[in-house]
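What follows is one structure encoded as structure tokens, with my remarks underneath.
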Amino acid sequence: MLNQTYLGEKKKEREDILSVLTQKLKLNSDVNLTEIAQCTERFTGADLLGLLCSAQMLRQEYDEKEREDILSVLTQKLKLNSDVNLTEIAQCTERFTGADLLGLLCSAQMLRQEYDEESSEEPEITQADLLKALEDTKPSLSAADSFKFEQIFYNFANNRGLSSDEIQKQKVISA
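For what it's worth, the numbering used here labels the leading residue of the sequence shown as 1, then goes sequentially.
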């Protein structure tokens, strides 16, 4: 009896975790991680981690406004010069992921630190620092890779019979 109760609790716990993962990862409503888990004989925490990592590789293509919003969030704790124009930076960062944008900011901060070596204060990043860092910072996906994944997605979506509105809502690119 104890064994059945224990197994029931474990099953419920696993289903709850999978449900939360589905919501947290904003997976399509037709994705049911619980069903996936039930297809395996022994679904462990390592399997959950594997699913999570795979799902995190899905990334959305950000438009200019979204990139500007991401930059705004990422720069909240940084010291920025008044000449910094995040709108201009967002315009120059097509196909950049959140991680790419963070890398850009870190590069700009390092450039500023090199320039202000004597100062013990946190460096004040300038627009020139960001533009210089942008010369060496490239998006994770090249235009060719982005196009390739776009084609894969549209072929997949068309095979599922999704309308163009549904395709826009569901658009993700596997990077």
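Heads up, the beta-carbon is just placed ideally off N, CA and C, and yes, glycines get one too. In this text the structure is predicted, and so the values were computed from the model without any measurement.
Here Q109 is buried. Its C-beta has 16 or more other C-beta atoms within 10 Å. Per DSSP, the continuous alpha helix (DSSP H) segment holding D69 begins and ends at 64 to 74. Between L102 and L130 the beta-carbon gap is near 13 Å, outside 8 Å, which marks them as no contact. Boundaries of the alpha helix (DSSP H) harbouring I89: 86 to 91, taken from the DSSP string.
Contact between V84 and T137 fails: their C-beta atoms lie close to 16 Å from each other, not under 8 Å.
When DSSP reads this structure, L80 sits in a beta bridge with I125.
The shortest C-alpha to C-alpha distance from E68 to any of D116, E94, E117, E114 is the one to E94. Bounds of any alpha helix (DSSP H) do not take in L141, whose DSSP letter is neither H nor E.
Taking E118 as the centre and dropping the five residues before and after it, the same chain places no C-beta closer than 6 Å to its C-beta.
Residue burial annotation: Y115 is exposed, with fewer than 16 other C-beta atoms found within 10 angstroms of its C-beta. T87 is classed as exposed because its beta carbon has fewer than 16 other beta carbons within 10 Å across all chains shown. Counting the other Cβ atoms within 10 Å of the Cβ of I152 gives fewer than 16, which makes it exposed.
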